[in-house]
Amino acid sequence: MEGTSPSKVDESVNKGSTSGIEVNPEFDPDLTLAQQIAENERQMYERSQQMMTEIEDEVRKTQPLVSDKQEIISLVAEFDPDDSPQYFKKATELAEVYSHIRRIRGDGNCFYRAVLTALLERCFDHTDELNRFNEQVKEWRQRLVKLESFPDLTTGDFCTSMEQLMTSMIDGTMQPQILMDDLNQDGVANYYVAFCRFICSGYLRENEALYSGFVEGNRTIDQFCREEVEPMWKDCDHLCIIALVNAIGVSIRIEYMDRSQAPSGGWRHDFIVDGNEEPKLFFLYRPGHYDILYLSDSTTPTDIA
C-alpha cells in the first residue's frame, strides 16, 4: 500500500475485512483465515436475526393484527402534497369513493389476513354469503385431503378452526366485535390465516396445468407452494392473489398507490371469479402491503372509472 507503514498495514489486516466482511477482532491463531471468516459470518447472521426479532417484537407492540376502521382522511394525511405528490393525489381520489380504511399488520400475512377479515365482515351483513362460504369451508377439507400433499393430520386443525368459526357465526354466538377481538389474537387468527394459505395452495395444485407456466425460477407448482404459499410470513404475489380469490369464490378489487405495481399498469385491478360480476371486497396496495378499503354508501364499483 503506497504511503502506508508496515505497522499500519498489519493493523489494517487485523481490523479490516475480507470480501467486505469484518474479521473477528479476537484473533485466534489456531483458526485459518477461512474459518475466521466463517465464524464472523455466523456472528453477523446471529446479530441480523436478533435485529429482525427486535423489529418484529416492536411491530407486534405498536401494530394490531387488524386495526379498527378509520376514516379515509387518515390515509390522505399520511402524504405531503409537495414531498409525495403522486401518493397524495391518489389518496385524495380514493377519499372521493371510499369512506374508511382498516389497516392490517405488515407481517407477510397481510393479504391473506385482509381478504379473510373483509370476507368475514361481509358474511355478517349478507346471510347468503355466510351460508355459501360455510359450505365452501367444509368442501375445502375434503379437497385438501384428496391432494396427497395435505394429509388430514397436517391440515385438520386449521380446517376445524375455520369450521367452528363459521358455525359460531351462523348460530349467532359469534358477533362482529368478538370476531375482531379474535382476529387480533395471534394464537387464534393465525390458524385462520394458515387455512387461507392451504386453500390457496390447494387451488394451485388442483389447477397445476393452468398455472405451472407462471411460476418463476424453474420451480414446479409443488415447490412454489411449499416455498412461497404454505409457509407463514411469506408475502403473496400475483399468482397467489388469483388462487386465493378463486379458492374463496369472491371477486375483489385492488387499488394501487403506485400504478407501476399494478398488473395492467393502471390504478386498480379487478380479480373476477365469475364472468362480469362486480367486485365485492376492496383493498389498497402499497409496495409490499395490503389494507382493507370500504366503499362510501353512495358509491358502487361501477361508479369508479
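Residue numbering for the sequence shown follows full-length UniProt numbering, starting at 1 and increasing by one per position. All residues carry an ideal CB built from backbone N, CA and C; glycine is no exception.
Practice problem: Identify whether LEU281 lies in helix, strand or coil by the three-state DSSP scheme. | Solution: strand
Exercise. Closer than 7 Å by C-beta to ILE72: which residues in its own chain qualify, once you throw out the five before and the five after it? Chain order, please.
Key: LEU94, ALA95, TYR98, SER99, HIS100, ILE101
Practice problem: From the DSSP output, in three-state form, read off ILE241 for me. | Solution: helix
Quiz item: By Cβ distance, which residues of its chain are closer than 6 Å to ARG113, with the 5 residues on each side in sequence left out?
Solution: ILE104, VAL193
Self-check item: Beta carbon of PHE282 nearer than 8 Å to that of TYR290
Solution: no
Quiz prompt | Which of helix, strand or coil DSSP assigns to GLU96 | solution = coil
Practice problem: Starting from the C-beta of SER296, find all residues in its chain whose C-beta is less than 7 Å away, skip the five residues before and the five after it, and write them out in chain order. | Solution: VAL97, TYR98, SER99
Quiz item: Are MET169 and CYS123 touching if we call contact CB-CB under 8 Å?
Solution: yes
Quiz item: In or out: ASP186 buried (at least 16 other Cβ within 10 Å) or exposed?
Solution: exposed
Quiz prompt | Beta-carbon spacing of ARG253, PRO279 below 8 Å | solution = yes
Quiz item: Hey, would you say the C-beta of GLN142 is under 7 Å away from at least one heavy atom of the ligand COA?
Solution: The model on display carries no ligand, and the ligand COA is accordingly not part of it.
Practice problem: Give me the Cα-Cα distance between THR173 and PRO263, rounded to the nearest whole angstrom. | Solution: 41 Å
Self-check item: Rounded C-alpha distance that separates THR302 from ASN40
Solution: 58 Å
Self-check item: Cut-off 6 Å between Cβ atoms - residues of its own chain near ASP176, not counting five sequence neighbours on either side
Solution: This sequence places Pro at residue 176; Asp is not what is there. Closer than 6 Å at the Cβ level, and outside the excluded window around PRO176, lie PHE124.
Practice problem: Please look up how many angstroms separate the CB atoms of GLY288 and ASP235, rounded, as I've assumed it's under 8 Å. | Solution: 6 Å
Quiz item: Considering only the beta carbon of each residue, do TRP267 and LYS90 sit closer than 8 Å?
Solution: yes
Exercise. Could you tell me whether any Cβ in chain B is nearer than 8 Å to the Cβ of VAL188?
Key: No chain B appears in this structure, which consists of one protein chain only.
Quiz prompt | Closest by C-alpha distance to THR237, when choosing among ARG47, LEU147, CYS110, ASN131 | solution = Residue identity check: residue 237 is Asp in the sequence provided, not Thr. Nearest C-alpha to ASP237: CYS110.
Quiz item: If we ignore side chains and look at the alpha-carbon of each, how far apart do ASP157 and ASN207 end up?
Solution: 25 Å
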